[in-house]
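S.K.: Just so you know, we're using numbering that gives the first Met the number 0 here: the sequence shown kicks off at 0 and counts up by one.
All residues carry an ideal CB built from backbone N, CA and C; glycine is no exception.
Following this message is one structure expressed as structure tokens.
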Amino acid sequence: MGQLRTSELLAALSVALDLTEGQRAGHALRTTYLALRLADRIGLPRETRRALLYTALLKDAGCSSNAAAVTRIFGIDDQQLKARQAVAGRSLLAMAYLSVRSLPSEPLPLQVRRLISLALSGTRERRAVEELRCERGANIARKIGCSDEVAQAIMDLHEHWDGHGLPRGLRRDAIPLLSRIVAVCAGLDIFSSVRGPTVAQQVIRARRATWYDPELSAHLLELCAGGLLDELNAPSLKEQVFSADTDQAIALASDADIDRIASAFADIVDAKSPWTGRHSQRVAAIAGRLARRFGFAGNRLRDVRIGALLHDLGKLGVPNTILDKPASFGPAEWEVIRRHPQLSRQILAQIDLFSAVAEIAACHHERLDGKGYFRGLSAESLGLSARIVAVADVFEAMTSERPYRPAMSEERALAIMRQSSGDHLAAEVITALADVDSLAA
């Protein structure tokens, strides 16, 4: 496949995490840059910088796991709420204001009932949701192959210096240094993006010794006085981040390494909705069997598998109010849904060696008759790799439970798919699908 740096791959995929958090694209990358500059300031040992790099890039790896719960509790767009939470205070008044502001447009009795529920169990629910997110993020880091130091730093990222953070209430030096560095840098970038550099520095100053390590806050503010936030606009920002990964940012040694990272991000995608379970993993397994059936091997087989694992990456940008909706979508909701293959393509296309992967992911909702989305491509533009993943995606979805219908049997799904062969799905791939054993394993 060629040389692909770990940091390059994670930085590209981290854009999907930014979407889930309701943050401006590049938030994780900018946080990483700020963290590395702060590391330089405090003299962080070089051998620890790689752990800091991966902690910052993967800081939101668990973000999708609590999206459904956030939507259930508040009843609104999880991304909007997360963006508001990121700049909210933690006082009772601040949380009350956030709760009232975040109530969905529903009848007053339902709003009152939701507020009462939040008042009675909001703290407990918030702790549980945060614990789920942190544990999930740590486990994703371990699956990718990061050190225990990185996993623990992600686990403790939302702890506060004064012990009033979540989920464990750690205080001061009990919070890992990497967590403290990334937390204050993430806060600086969020406020700078939303309210501007001046307000961002005021917030860091106000929250030092409560939310953030006071010494790290002081160093970061000194860097800001020297123009640190202006550096975030530099065209070479990515390369400066990648250069922090020593040994030429390590080229991934094998396809297995890339597969492991792609598989971890597939888990992040699938965790966003309770209805998707292991959808991406199962689509990849089915697509892999089909590809081998058609004689694919080497890079071509790998591209199909990675494309299948990451085909729904753009769904991290779709609110759970839409993903988990038990009824049919309205026109505006369909527009959001139709955008997710485009987002998948935009994210994956940032990786030079993923050009084929990006196209496969982009085409999973295209149709042979040109009536698919997001580009309305015709049969002539859809290669066998794209046709395989499209068939695997439809089959897996039909044989899995969804909020609007129960799961179908394999036989029923195949019968329906045959009816659409030739105009929607490729007939030759459906024929092969019927002959592949253990389809939904």
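1. With a threshold of 8 Å on Cβ separation, who are the neighbours of residue 421 within its own chain once the five nearest residues in sequence on each side are excluded?
2. In whole angstroms, what separates the C-alpha of residue 242 from that of residue 297?
3. Mind reading off the beta-carbon distance from residue 188 to residue 33? Whole number of angstroms is fine, and I expect it under 8 Å.
4. So is residue 31 buried or exposed if we call it buried at 16+ other beta carbons inside 10 Å?
5. Determine the burial state of residue 152: buried for a count of at least 16 other Cβ atoms within 10 Å of its Cβ, exposed for fewer.
6. If you compare alpha carbons, which of 4, 2, 8 is closest to residue 348?
7. Can you tell which of 15, 291, 49 has its C-alpha closest to the C-alpha of residue 316?
8. Note the first and the last residue of the continuous alpha helix (DSSP H) segment covering residue 278.
9. If contacts are defined as beta-carbon pairs under 8 Å, then residue 270 and residue 63 qualify, I think. What distance do you get, rounded to the angstrom?
10. Report the option in 167, 322, 179, 313 whose CA atom is closest to the CA atom of residue 51.
11. If you check the beta carbons only, do residue 169 and residue 148 fall under 8 Å apart?
12. Report all residues from its chain with a CB closer than 8 Å to the CB of residue 433; omit the five preceding and five following residues, and keep chain order.
13. Below 8 Å on the Cβ atoms is my guess for residue 323 versus residue 343; work out the distance and round it to an integer in Å.
14. Quick one: using the 10 Å Cβ neighbour count with 16 as the cut-off for buried, is residue 447 buried or exposed?
15. For residue 402 and residue 275, I'd like the C-alpha separation in whole angstroms.
16. Distance check for residue 318 and residue 26, CA to CA, integer angstroms please.
17. Between which two residues does the alpha helix (DSSP H) carrying residue 184 extend?
18. Do you know how far the Cα of residue 419 is from the Cα of residue 286?
19. What first and last residue would you give for the alpha helix (DSSP H) that runs through residue 298?
20. Please state the DSSP three-state secondary structure of residue 53.
21. Along the alpha helix (DSSP H) that carries residue 340, what are the first and last residues, could you check?
22. Report buried or exposed for residue 370, applying the criterion of at least 16 other Cβ atoms within 10 angstroms of its Cβ.
23. Quick check on the burial criterion: 16 or more other C-beta atoms within 10 angstroms. Buried or exposed for residue 210?
24. Starting from residue 420, follow its DSSP beta bridges and name the residues at the other end.
25. For the alpha helix (DSSP H) containing residue 32, name the first residue and the last one.
26. Which residue from 49, 128, 377 puts its Cα closest to that of residue 65?
27. Consult DSSP for residue 368 and reduce its assignment to one of helix, strand or coil.
28. Is it the case that the Cβ atoms of residue 266 and residue 139 are separated by a distance below 8 Å?
29. With residue 229 as the anchor, note down where its alpha helix (DSSP H) starts and where it stops.
30. Have a look at residue 37 and residue 397 and give me their C-alpha separation to the nearest angstrom.
31. Helix, strand or coil for residue 255 per DSSP?
32. What distance in whole Å lies between the Cβ atoms of residue 340 and residue 313, which are believed to be in contact at a cut-off of 8 Å?
M.R.: In short, the structure shows the following:
1. For residue 421, the CB contacts under 8 Å within the same chain, skipping 5 residues up- and downstream, are 367 in chain order.
2. 30 Å
3. Contact between residue 188 and residue 33 is confirmed by a C-beta separation of about 6 Å, below the 8 Å threshold.
4. Around the beta carbon of residue 31, 16 or more other beta carbons lie within 10 angstroms, which makes this residue buried.
5. buried
6. 8
7. For the residues 15, 291, 49, the minimum Cα distance to residue 316 belongs to 15.
8. From DSSP, the alpha helix (DSSP H) with residue 278 extends over 278 to 292.
9. 5 Å
10. 179
11. no
12. Answer for residue 433: 413, listed in chain order.
13. Their Cβ separation, rounded to whole angstroms, is 20 Å, which puts residue 323 and residue 343 out of contact at 8 Å.
14. Not covered by the structure: residue 447. The range shown for the chain is 0 to 440.
15. 10 Å
16. 19 Å
17. 176 to 194 is the span of the alpha helix (DSSP H), which, as asked, contains residue 184.
18. 19 Å
19. 297 to 308
20. Under the three-state reduction of DSSP output, residue 53 falls in the helix class.
21. For residue 340, the uninterrupted alpha helix (DSSP H) run begins and ends at 339 to 347, by DSSP.
22. exposed
23. buried
24. 424
25. 26 to 41
26. Considering only alpha carbons, the answer is 128.
27. strand
28. The answer is yes: Cβ separation under 8 Å.
29. 227 to 230
30. 49 Å
31. helix
32. 6 Å
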